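Just so you know, we're using this note's numbering here: the sequence shown kicks off at 347 and counts up by one.
Here the structure comes first, spelled out in structure tokens, and everything after it is commentary.
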Amino acid sequence: MAKKPTVDEVLQLVKKSVDVKTYEELHWRGTFKDYLKIVIDKPDVARNAWQRLYDMILSYGTREYTRFKEKIIHYNFFDDPIDNGKDAIYGLDRALMRLVNIIKSGAYGYGPERRVLLLHGPVGSSKSTIVRLLKKGLEAYSRTPEGALYSFSWKLEDGSVFDCPMNEEPLRLLPEEAREAVLERINATGRCKYQINVEGDLCPACRWYYRHFIAKYNGDWEKMVENHIIVRRVLLSEKDRVGIGTFQPKDEKNQDSTELTGDINYRKIAIYGSDSDPRAFNFDGELNIANRGLVEFIEILKLDVAFLYDLLSATQEHKIKPKKFPQTDIDEVIIGHTNEPEYRRLQNNELMEAFRDRTLKIDIPYVVRLDDEIRIYEKEFNPRKIVGKHIAPHTIEVASMWAILTRLKEPKNQQITLLQKLRLYNDKMLPGFTEDHVKELMEEAEHEAMEGISPRYIQDKISNALVREDTKCVNPFMVLRELEDGLYHHSLITSDQQRKRYKELIAVVRQEYEEIVKNEVQRAISADKEALQRLCDKYIENVMAYLNKEKVKNPITGEFEEPDERFMRSIEEKIDIPEGRKDDFRREIMNYIGTLAVKGKKFDYRSNERLRRALELKLFDDQKDTIRLSTLVTSVIDKETQEKIDIVKSRLIRDFGYCEICATDVLNFVASLFARSEERDKGK
């Protein structure tokens, strides 16, 4: 046990964690001239909100990959590097590409900057998470040298300081007569990828002080900024309500537009004498405080119509109308999210045509790729979070499989099942299907993944299974039972037909799981690497002799014999290679070996999935009678068989991630499958 720390030791730890130099940089203050020097050296500081948002996303880098002949750009930002992946988004690269392309277009002033971005999708499809990431990203970016931005304060005659309530760009202080010429000179240097363009006028409060002080110095602008302007660095923060706003609709009767555009401060009316004096107004509505950054509208289409009218000018004109004041310029990204029923209501409302015209809808669907869906739940249910419990292999996989099947549309091609479609979407190529076929499947299924089971439902049911006190290991059957039982109380299932379909898909997944564990136990039984290698060597030797029309030397008699056709077919039939395709398969294997040899690499049967599977199944067939798994369902097992079963169990634990409990359960389950199979064979 460590000794008790002293107070000085604790304070020393605090001192080490406080970086005074960084604090000074983040809270920099200077004169307007100092700021002009910063702008000349680094014009990026005067970017608008859209440009800053786009650059923030790009600052984390990208990577490209191709899926089904389509080039996809993955933006590393959406892996949530800021928070160690806490809000990472999986499987939505195509939707996120469209979102980022729209933000890019807005950054270059091509039109989207005058629109509301509307994330549209089913419940639980990560809409809120995407916006939360963008807000979190802007906060972090504003604390970096690349993302630095500045505003200003007024130094008043009594020595007090008045901060610009909307944290406006200091270059707005430039007289309109000179602004264009100044910006032209700065842009001519080519030091910024955008054209710096400072539009709009000061907010009403700053405009009042501007007029007051310019009159004091008889129009001498330089004296005014020298004596009364303090430029300061701004750190965007949702908690401090600086540059990041969030608006959530309340009961329609209690909605008030002042929540967006600010309200009169009645206590200050007594000081300034009028409710139309901007100094007696709180510019603290969500659209005010989000200036220079981003404002999120949660369930935006639940807003009262009066609020939506405010958004019309906020988007198209970049102006808001505070009570009793002229239109005020804003610079911010407006992003909202909604679900399908609310969006349909918008489409059917003729009175909302103007709002629809100023909206850019970005569909955020559910995930349809199995590996990505699995990652969603593995992030939540991992060994670090789950103490004292074990999740059996494939538990999360079968739950993910079922979730995706509920989201997929039945293929029009009758030769393919929904489960095969899931495999194709997960990059598993099936015989007779190419990437072009997969693209066709995607194109024919319009609005696929815009309905189905939400990840939240899956998470809830896995949680239910985990908190059960009667088990220390959660297996797929427990979770599937929870998923099925929950269908009777699911608030989003609107018909018995839909419930019936979801139950049928649970049966499909259960059957698929049976095949998975059968194969896994087979692999554990046939996991003798030396025996597999001997089997592989013999097969390759015979195939080579067959294709070269040569003979094979019998290792026992020493005589040369014809290649063992019966032996080769006993392996090939395990993976359904028909008689008419055996030569193609054999040439494929030899070409594969030849290609590796040209590259200076040695052939390993494990690198060819089809051959590996065929060899394992062949070895399993050769060995299964020595273990007799079906005897597990009886009460009497001899010592020799028990030892062999214990070896298989240890392989399941060591190689496949089982624990003692689920390894025993899965062996018993597979044994019952074999026992039933043997009974059927006897009946025939």
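Ideal placement from N, C-alpha and C gives every residue a C-beta, glycine not left out.
For clarity, every value in this text was computed on a predicted model and none was experimentally measured.
What does a CB cutoff of less than 8 Å around residue i pick up in its chain, not counting 5 residues either side in sequence?
i       : result
CYS1008 : HIS736, ALA738, PRO739, CYS819, ASN821
VAL979  : Its pLDDT being 47, under 50, VAL979 is placed unreliably in this model, and the value from its coordinates should be taken loosely. So the qualifying residues of the chain are ASN1014, ALA1017, SER1018, ALA1021.
VAL784  : PHE414, LEU770, TYR771
SER622  : LYS670, PHE671
For residue i versus residue j, is the C-beta distance shorter than 8 Å?
i      : j      : result
GLY437 : GLU719 : yes
VAL855 : VAL744 : yes
LEU692 : ARG702 : yes
ILE799 : TYR723 : no
ILE476 : LEU706 : no
THR408 : TYR421 : yes
ILE871 : PHE966 : yes
ASP380 : VAL544 : no
GLU514 : CYS549 : yes
ASN611 : PHE627 : yes
TYR555 : TRP500 : yes
PRO468 : MET796 : yes
ALA441 : ILE710 : yes
ASP910 : ASN894 : no
GLU485 : ILE590 : yes
THR752 : TYR848 : yes
PHE423 : TYR406 : yes
ILE708 : LEU464 : yes
VAL462 : THR661 : yes
Can you tell me the Cα-Cα spacing of residue i and residue j, whole angstroms?
i       : j      : result
ALA791  : PHE629 : 48 Å
GLY536  : ALA524 : 20 Å
GLU830  : TRP748 : 11 Å
MET402  : ILE680 : 16 Å
THR1010 : GLY431 : 35 Å
LEU754  : ARG715 : 10 Å
GLU686  : ILE646 : 12 Å
SER809  : PRO801 : 12 Å
ALA891  : LYS897 : 6 Å
ASP816  : GLU860 : 24 Å
LYS985  : LYS995 : 15 Å
ASN728  : ILE991 : 29 Å
ILE532  : VAL364 : 37 Å
HIS836  : ILE742 : 20 Å
Among residues of its own chain, excluding the 5 on either side of residue i, which ones have a beta-carbon nearer than 7 Å to its beta-carbon?
i       : result
LEU520  : VAL528
GLN397  : ALA453, TYR540
LYS964  : LEU881, SER916, ILE917, LYS920
TYR1004 : ALA738, PRO739, LEU998, VAL1012
ARG721  : TYR436
ILE384  : VAL391
ARG478  : ASP433
By the 10 Å Cβ neighbour count, where 16 or more other Cβ atoms means buried, how is residue i classified, buried or exposed?
i      : result
VAL366 : exposed
ALA943 : exposed
VAL353 : exposed
HIS466 : buried
SER497 : buried
LYS807 : buried
GLY734 : exposed
SER746 : buried
ALA960 : buried
THR674 : buried
GLU989 : exposed
TYR885 : buried
ASN634 : buried
GLY904 : exposed
ALA561 : exposed
GLN594 : exposed
GLU925 : exposed
VAL360 : exposed
Which whole-angstrom value describes the C-beta separation of residue i and residue j, a residue pair presumed to lie in contact below a C-beta threshold of 8 Å?
i      : j      : result
VAL580 : SER488 : 7 Å
GLU663 : GLY631 : Actually they are not in contact, since the Cβ atoms of GLU663 and GLY631 sit about 17 Å apart, beyond 8 Å.
GLU640 : ALA392 : As written in the sequence, residue 640 is Leu, which differs from the Glu given in the question. That belief does not hold up - the Cβ atoms of LEU640 and ALA392 are roughly 18 Å apart, past 8 Å.
LYS665 : ILE676 : 7 Å
ILE939 : PHE949 : 5 Å
LYS731 : GLU688 : About 34 Å separates the two Cβ atoms, so there is no contact after all.
Does residue i come within less than 8 Å of chain C when only Cβ atoms are used?
i      : result
GLU699 : The structure shown contains no chain C; it is built from a single protein chain.
Once you ignore the five residues that flank residue i on each side, which residues in its own chain have a CB closer than 6 Å to its CB?
i      : result
LYS297 : Examination of residue 297 is not possible in this model, given that the chain is present from 347 through 1030 alone.
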